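Report on the structure given below.
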Amino acid sequence: MSKNTLYDKVWDLHKVATLPTGQDQLFIGLHLIHEVTTPQAFASLKEAGVPVLLPKRTFATIDHIIPTQNQQRPYQDPQAELMATTLEDNVKKFGIQFFDTTTQRQGIVHVIGPELGITRPGMTIACGDSHTSTHGAFGSLAFGIGTTEVGLILETQTLPLSRLKVRRITVNGTLQKGVYAKDVILKIIQVLGVKGGIGYAYEFAGSVFENMTMEERMTVCNMSIEGGARIGYVNPDETTFTYLKDREFTPKGHAFEDAKIYWKSIASDNDAVYDDVVTIDGNTIQPMVTWGVTPGQSASVTDLIPSPESLPEDARKNAEEAYAYMKLKPGMSMQDIPINVAFVGSCTNSRISDLREAAKILKNHKVHPNVKMLIVPGSQPIKKQAEAEGLDQIFKAAGAEWRDAGCSMCLAMNPDKLIGDEICASSSNRNFMGRQGSPTGRTLLMSPAMAAAAAIAGHVTDVRTYL
Amino acid sequence: MTSANRVTLKGTSVVIEGNDIDTDRIVPARFLKEITFENMGNYLFYDVRFNEDHTQKSHPLNDPKNQKATIMIVGKNFGCGSSREHAAQAILRFGIQTIIGESFGEIFAGNCKSVGIPVLTATPETLASLKKTLEENPSTSVTIDLVDKTAVLENHSFPISIVEAWRQAFLNGSWNALSILKANTDKIRALDASLPYKF
Ligand code: SF4
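Line by line, the protein sequences are chains E and G. All the letters of the first sequence, read from the start, carry residue numbers 14 to 480 under this note's numbering. All the letters of the second sequence, read from the start, carry residue numbers 40 to 238 under this note's numbering.
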């Protein structure tokens, strides 16, 4: 059993009671909500005629269904419009702060929490969205929940939970040029597998993480869930505190110094005990691309699509299914995979640093005539910042489309979708069958810089030749 | 939804082959735009069960003999991916009462518990012999006993596992946790006041 880790400390601090089932009742310090996974939860409250217990601990935004091209109300899709008005009614009725587009703070829920300084170290954070693990970058226990659990938090601010085991994943060394946080997490998932994290919280550590910016740490924690781990976190340090200072919701002055004392106190101790420890050499990580239909089916960009014989026996059947769906052949060079669409966006990679990396590659280049490229900032403030830096001009000059903030083609609940069996170089987090809106659409996960390079070349290519 | 205890469950089974079946496959995202769960049963495994023109593909859930199945037998890492409760709701509303597999996506398993579906795990060997028996006689009914933690069919009894806290919750009918959480409201308010962060 783990001891003296951040996980243990934050858990103990938020424990309300031990339940008759043996589970702990855990207080959720921060609850984030969006339009898709909440209407049924609010409906139950309304039916029972009960209020939200602690409405100040819940914040709302709209991200999944929002169009990124024409945000004029009513939305053209009546179902999207109904989801939006339902959320608007609910936040108003229950007194919840809502970052809609008029606030100029709207964006993907996992982007705006940190950006506004709402997400901070030592919190328990839940949201009806599996990528809530993103907020673990700040040293919080942040995890995705279902709609019934959203309802439990609204009514009681708590959840019945069992403790996870803690696995420390140390990545040592220095990342090569052209290798990004996205490649680190794709590598971790390749090594530990898509179910390796079941039952675990992941603590990410080592020099690679110490040297990462907060935005990079968020990219890694974001995809913990793709590795099966509901929670991923990094211990808070000076990088965390510097990022948080002066953000809208961050405590100011003395209160900031007090908060820092708390934040430092919850970091894992030097003598902390873990249930499992894994070490990965960061020096050897290459730019990664997925070739299959799970985030673990990936290879280095310089490799070939693996043959079934080279895979462990229990992975072969899935691989066969993946080749058939992806219409790709084992033994083919990764760089020979043609693309039709490039997407830079999603809660994994839509922050300002991601847009800057994509712009660096696209500058003085043109998107290949066979490729449609979409660049979707994660929030309204990011959009504004990118425009202040002239990134939008670089994107447009290259022939890419520059959109408004939202989840967009990450899961295609808005009008941004793949058509037929189009194949997309995507900076998002899931390459599941049909994920990007077409039941036969195909997704290749990679870093934003790699997606930009692929957009120029018209096929998967090694971004390092563009640096 | 009201809680009732789940001590034994009896019914026929449907086998869904394959590992890493994600929640996007269980309910594609385009069906999440509804503000109720009412219709979710219709969307279960939609893109693997239906062509784009809505005609049926060959799939175990389209097989007439499986229409009344109440037990679903799956592989490894079933329900990985998104937190959408729609996936658990679709399975429930299709008529499935319990799922047996080798392992499950964690959020999905929690959602199943929330809606009253016990999620059971079994070893690969157990699953293989279960499936073999069912292959030979698909109409065999299976009895799941949460007291003994067994799946019984014909004269065989197979061991199954379930998260102990969930087993307790199903046995005593407290799987909908709302009332037991609410009972501690005073403690919740006290913790709220004492936490080192506020909004
Ligand atoms: S960007 Fe994608 S993964 Fe992230 S919250 Fe939106 S839909 Fe989910």
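The beta carbon of each residue, even a glycine, is placed where N, CA and C say it ideally should be. In this text the structure is predicted, and so the values were computed from the model without any measurement.
Where residue i meets chain C, residues with beta-carbon distance less than 9 Å
i, result
"Q203(E)", "Absent here is chain C; the protein component of the structure consists of chains E and G."
Minimum C-alpha distance to residue i - residue among the options
i, options, result
"Y213(E)", "M14(E), P68(E), A470(E), Q119(E)", "M14(E)"
"A129(G)", "P157(G), F70(G), T172(G)", "F70(G)"
"I65(G)", "T179(G), A208(G), I199(G), R88(G)", "R88(G)"
"S441(E)", "L199(E), E128(E), T51(E), Q53(E)", "L199(E)"
"D196(E)", "F269(E), L174(E), I293(E)", "I293(E)"
"S178(G)", "A43(G), R45(G), G50(G), V46(G)", "G50(G)"
"F262(E)", "T51(E), L317(E), R70(E)", "R70(E)"
"E216(E)", "S57(E), A155(E), G126(E)", "A155(E)"
"L129(E)", "E229(E), R118(E), G42(E)", "R118(E)"
"L205(E)", "G219(E), T187(E), I238(E), M227(E)", "I238(E)"
"E402(E)", "V384(E), N383(E), S175(E), S366(E)", "S366(E)"
"M463(E)", "E400(E), L387(E), P300(E)", "P300(E)"
"N283(E)", "I109(E), Q38(E), A335(E), R181(E)", "R181(E)"
"M111(G)", "A232(G), I55(G), V186(G), S213(G)", "I55(G)"
"E60(E)", "P68(E), H47(E), N103(E), H27(E)", "N103(E)"
"Y85(G)", "D63(G), D102(G), T75(G), R206(G)", "D63(G)"
"S346(E)", "V354(E), T315(E), M136(E), A139(E)", "T315(E)"
Run of the alpha helix (DSSP H) containing residue i, from where it starts to where it stops
i, result
"H195(G)", "Run containing H195(G): none in the alpha helix (DSSP H); it sits in the beta strand (DSSP E), 195–198."
"H123(E)", "122–128"
"A438(E)", "Unbroken run through A438(E) is the beta strand (DSSP E), 436–439; no alpha helix (DSSP H)."
"F111(E)", "Per DSSP, F111(E) belongs to no alpha helix (DSSP H); it is in the beta strand (DSSP E), 110–112."
"H381(E)", "Run containing H381(E): none; DSSP gives neither H nor E here."
"V23(E)", "19–27"
Cβ separation of residue i and residue j, assumed to be a contact under 8 Å, to the nearest whole Å
i, j, result
"D475(E)", "Q348(E)", "7 Å"
"G157(E)", "H144(E)", "7 Å"
"S320(E)", "G344(E)", "6 Å"
"Y336(E)", "K342(E)", "7 Å"
"L404(E)", "R369(E)", "7 Å"
"I38(E)", "T160(E)", "As written in the sequence, residue 38(E) is Gln, which differs from the Ile given in the question. Contact doesn't hold; Cβ gap of about 19 Å is too wide."
"G24(G)", "G57(G)", "The question about residue 24(G) has no answer here: the residues shown for chain G are numbered 40 through 238."
"A438(E)", "A399(E)", "Going by Cβ atoms, the distance from A438(E) to A399(E) rounds to 20 Å, so no, they are not a contact pair."
"R416(E)", "L458(E)", "With 8 Å as the limit, R416(E) and L458(E) do not qualify as a contact, their Cβ atoms being about 20 Å apart."
"V221(E)", "G309(E)", "Going by Cβ atoms, the distance from V221(E) to G309(E) rounds to 20 Å, so no, they are not a contact pair."
"L185(G)", "F209(G)", "6 Å"
Contacts around residue i, its chain only, beta-carbon distance under 6 Å, and the 5 residues preceding and following it disregarded
i, result
"V191(G)", "T182"
"P351(E)", "H472"
"E229(E)", "A194"
"P325(E)", "none"
"T307(E)", "V207"
"A108(G)", "T51, S52, V53"
"M231(E)", "T147, A150"
"V29(E)", "Q38, F40, T171"
"Q110(E)", "F72"
Same chain, Cβ closer than 8 Å to residue i, five either side skipped, listed in chain order
i, result
"I121(E)", "T74, D76, S359, C360, S363, G391, S392, A418, G419, C420"
"I199(G)", "I139, L159, T160, A161, T165, I183, K188, T189, A190"
"N427(E)", "H77, I78, I79, P80, T81, D90, A93, G419, C420, S421"
"L66(E)", "L167, E168, T169, Q170"
"M227(E)", "P127, A150, F151, T252, T253, Y256"
"N248(E)", "L19, G152, E216, A218, A280, S281"
"N83(E)", "Q89"
"M40(G)", "Note that M40(G) has pLDDT 39, beneath the 50 cutoff, so the model's placement of it is unreliable and the number below is only indicative. Counting only Cβ-Cβ distances below 8 Å, and skipping sequence neighbours, we find V154, G155, N215."
Start and end residues, beta strand (DSSP E) containing residue i
i, result
"Q38(E)", "37–40"
"Q207(G)", "From DSSP, Q207(G) is part of no beta strand (DSSP E) but of the alpha helix (DSSP H) over 203–211."
"S313(E)", "311–313"
"A73(E)", "71–74"
"E216(E)", "213–218"
"G245(E)", "244–247"
"N185(E)", "178–185"
Cutoff 7 Å; reference residue i; Cβ partners in own chain excluding five residues on either side
i, result
"G80(G)", "A129, R132, F133"
"P163(G)", "E141"
"I407(E)", "A372, L375, K376"
"I219(G)", "S213"
Please list the residues of the region 191–213 of chain G that have a C-beta atom closer than 8 Å to any C-beta atom in chain E, keeping them in chain order.
V202, E203, A204, W205, Q207, A208, N211, S213
Can you give me, in chain order, the residues of the region 147–160 of chain G that have a beta carbon less than 7 Å from any beta carbon in chain E?
G149, N150, S153, V154
In chain order, what residues of the region 49–79 of chain G put their CB closer than 8 Å to some CB of chain E?
G57, N58, D59, D61, D63, R64, P67, A68, R69, L71, K72, E73, I74, T75, F76
Members of the region 158–177 of chain E near chain G, C-beta cut-off 7 Å
I158, G159, T160, T161, E162, L165, E168, T169, Q170, T171, P173, S175
Could you name the residues of the region 45–68 of chain E whose beta carbon sits closer than 8 Å to any beta carbon of chain G, in the order they occur along the chain?
V49, T50, P52, Q53, A56, L66, L67
Note down, in chain order, all residues in the region 310–344 of chain E with a beta-carbon under 8 Å from any beta-carbon belonging to chain G.
D327, K330, N331, E334
Could you name the residues of the region 295–310 of chain E whose beta carbon sits closer than 7 Å to any beta carbon of chain G, in the order they occur along the chain?
T307
Quick one, which residues of the region 225–236 of chain G are near chain E if we go by CB-CB under 7 Å, in chain order?
K226, I227, L230, D231, L234, P235, Y236
Quick one, which residues of the region 91–116 of chain E are near chain G if we go by CB-CB under 9 Å, in chain order?
Q92, A93, L95, M96, T99, Q110
Near-chain G residues of the region 20–42 of chain E - C-beta to any C-beta below 9 Å
L26, H27, K28, V29, A30, L32, P33, T34, G35, Q36, Q38, F40, G42
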